[in-house]
Amino acid sequence: MRKKIISVLAISAMCVSMLLGCSVSTETGEDSLDEDNASGQEKTTENETEISWIFYDDLDVSEDLVTKGYKEVIERFNEDYAGKYHVNVITTPTEEYDTKLNALIASGDIPELFTCHPGPLMEQYVDAGVAADLTKILQKDNPDWYQSFKDGIFDKLTYDGKIMAIPTNFSAALVFYNTRIFEEVGVTPPETYDEWLEVCEKIKNAGYTPIACSAKDPWCISLLAGYLCDREGGPDNLQGITEGTLDWTSESYINAGNKLIELSQYFQPTAAGDSNDQANAEFTSGEAAMLVQGSWVIGEINGRVPEIEEICGAFRFPAVEGGADPDRMMVKTDNIMLSSKAEGDKKEAAIELLKYFTDDTAQKYVAEKAGKIPTTNVEVDTAAAPKQYMYVEEVLNNTTATFGFYNESLATAEAGDIFDDAIVEIYLKNATPQEAFQELQDYYEKNVW
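Numbers -21 to -1, 1 to 428, taken from mature numbering (1 follows the signal peptide of the UniProt record, and there is no 0), label the letters of the sequence shown in order.
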């Protein structure tokens, strides 16, 4: 049975050292040394109820179209509720987000709303009592709002029968490719892993980097490796690991590790030190032909390099011959949780903002501007959406099942970090697949099974 390893005290203890290095304002929930990292900080009137939302991007400077959509929601909300409610946005770089949020939680200065990924990261806040139960708010108090969401969208956000987060958009992981390079080289999207290697070799011989990837930001290479794990063993892999009936050193995981090594010869030479942004730039600059990413990247690359939309296609992650179902797709939602400490007018303001994030205006923007999948049943003008949106929909329409990102589907957040580290070690050849996955095996034997 899965062990519950995080409690309120554990979160607090984890964050004490963080708090020694920063001064957190108990009035605004913002780092007093980081005043420039807040958005929506216009002067408020005495009668306005102020709330805070913490997010992992800067709404004022980001070129990411998803982030720009969030900014539009905040501005629209503050304008519509001027004199009554006002939301302040606490922003932080993606890599520092969990640290900052946990520091605020440890201080007792929890933002009314906070963004959170599904899986063990979300579960730790549920177990610690930090997040509010949204079931009654949705199903009884606001049934029309609840019915506006797509069927099944709350499945991975429900714990012990309680809905714990509101999904704002939906992403799927695919292989994005430069159609111009593919045409020049004379190759087509591969169906199988072996065909993929052949395509990579031809692209490399033509003078291009076949695949752009980041190992500096471990989740990037972990995303690709997670697909290899699933293509090798399918749902039996994660189920077996969860139930303790399969070892991390089993053949399917070792095979996935070996395939990662084989495929990595086609990464850019600087992949070990390149960040996610640098890997994306390698693709948008035309240096690299392919990029394995979530569909959130559409808004990011189109926002920074608008012309990429015309030459960017996408295909499903290739099948492993003799492996598992190749039509399974890796997916996730972006989600916002409500603080359990939010009460009275602050709670009402936060709920209203959650509605704004998922109203028709916001959800149409998600698809028609940012290229992500809406979480509600809003009608989308596909002709207005980025071209990549149609590729994503086409692959989704042929999907037989979905699964979460591997590092977000394990027993604990720590296990996800160990998985990421193991994948990087395999790529750097600092460890064999057997040695790297043994680290996970040891962790599970000690902490999970």
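Glycine included, each C-beta is placed from N, C-alpha and C at the ideal position.
Which stretch, first to last residue, makes up the beta strand (DSSP E) that contains residue i?
i: D391; result: Strictly speaking, residue 391 in this sequence is Thr, with Asp absent from that position. Taken as a continuous stretch (DSSP letters only), T391 belongs to no beta strand (DSSP E), as it is neither H nor E.
i: I30; result: T28 to F34
i: A380; result: A380 to F382
Once you ignore the five residues that flank residue i on each side, which residues in its own chain have a CB closer than 6 angstroms to its CB?
i: G48; result: Y344 and A349
i: A144; result: L136, N314 and M316
i: V105; result: Y138 and M143
i: V164; result: K181, I182 and A185
i: residue 430; result: Summary: the structure shown does not reach residue 430, with the chain confined to residues -21 through 428, and so no result is reported for it.
i: D94; result: With the sequence shown as reference, residue 94 is identified as Thr, and Asp is not the correct amino acid for it. Closer than 6 angstroms at the Cβ level, and outside the excluded window around T94, lie F34 and I315.
i: K50; result: L38
i: T378; result: D306 and M308
i: S318; result: I89 and E91
i: V131; result: Per the sequence presented here, residue 131 reads as Gly, with Val not at that position. Taken in chain order, the list of residues that qualify is empty.
i: W175; result: P169 and P297
i: T73; result: Y35
Run through DSSP, which three-state label would residue i get?
i: V371; result: helix
i: K141; result: strand
i: T340; result: helix
i: K408; result: coil
i: A298; result: strand
i: A293; result: strand
Measuring only the C-alpha atoms, how far is residue i from residue j?
i: Y64; j: R55; result: 12 angstroms
i: residue 497; j: T28; result: With the chain covering -21 to 428 only, the question about residue 497 has no answer from this structure.
i: V359; j: W124; result: 18 angstroms
i: V(-14); j: Y245; result: Confidence is the limiting factor: at V(-14) the pLDDT is only 37, short of 50, which leaves the residue's position unreliable and the question unanswerable from this model.
i: F294; j: E170; result: 9 angstroms
i: D139; j: K311; result: 20 angstroms
i: T167; j: P365; result: 21 angstroms
i: W428; j: E222; result: 8 angstroms
i: Q342; j: F133; result: 16 angstroms
i: Y76; j: E322; result: 24 angstroms
i: M269; j: L389; result: 28 angstroms
i: N255; j: V284; result: 16 angstroms
i: I397; j: E418; result: 8 angstroms
i: I402; j: D112; result: 35 angstroms
i: A394; j: A61; result: 44 angstroms
i: E331; j: T340; result: 14 angstroms
i: E424; j: T78; result: 27 angstroms
i: R210; j: E42; result: 34 angstroms
i: T188; j: L375; result: 27 angstroms
i: A250; j: D196; result: 10 angstroms
i: A110; j: A82; result: 15 angstroms
i: K351; j: Q413; result: 37 angstroms
i: G205; j: F384; result: 7 angstroms
i: N148; j: G108; result: 25 angstroms
i: D304; j: V68; result: 42 angstroms
i: S229; j: A328; result: 50 angstroms
Counting along the chain, where does the alpha helix (DSSP H) carrying residue i start and finish?
i: Q413; result: P412 to N426
i: I277; result: V276 to R283
i: Y76; result: Y76 to S86
i: F56; result: L44 to D59
Give every residue of the same chain whose Cβ lies closer than 7 angstroms to the Cβ of residue i, excluding the five residues on either side of it in the sequence, and list them in chain order.
i: W198; result: N386 and D399
i: K238; result: Y172 and L207
i: I287; result: T263, I280 and N281
i: residue 481; result: Nothing can be reported for residue 481: it is not among the residues displayed for the chain, which extend from -21 to 428.
i: T355; result: S127, F128, K129, T337 and Q342
i: G302; result: R210 and E211
i: E372; result: none
i: M369; result: T361
So with Cβ pairs under 8 angstroms, would you call residue i a contact of chain C?
i: L332; result: Of the chains in the structure shown, none is chain C; there is only one protein chain.
Return the chain-ordered list of same chain residues with a C-beta closer than 8 angstroms to the C-beta of residue i, the five sequence neighbours on each side being excluded.
i: F382; result: D209, P214, L217, R307, M308, M309, V310 and S388
At what residue ranges does the stretch 310 to 337 contain a whole run of the alpha helix (DSSP H), taking only runs of 4 or more? 323 to 336
Return the chain-ordered ranges of every alpha helix (DSSP H) run that is complete within the stretch 61 to 135 and spans a minimum of 4 residues. 76 to 86, 99 to 106 and 122 to 126
Contained beta strand (DSSP E) runs [length at least 3] in the stretch 142 to 224, N- to C-terminal order: 145 to 157 and 188 to 191
Would you list, in sequence order, the uninterrupted beta strand (DSSP E) runs of no fewer than 3 residues that lie entirely inside the stretch 227 to 291? 267 to 273
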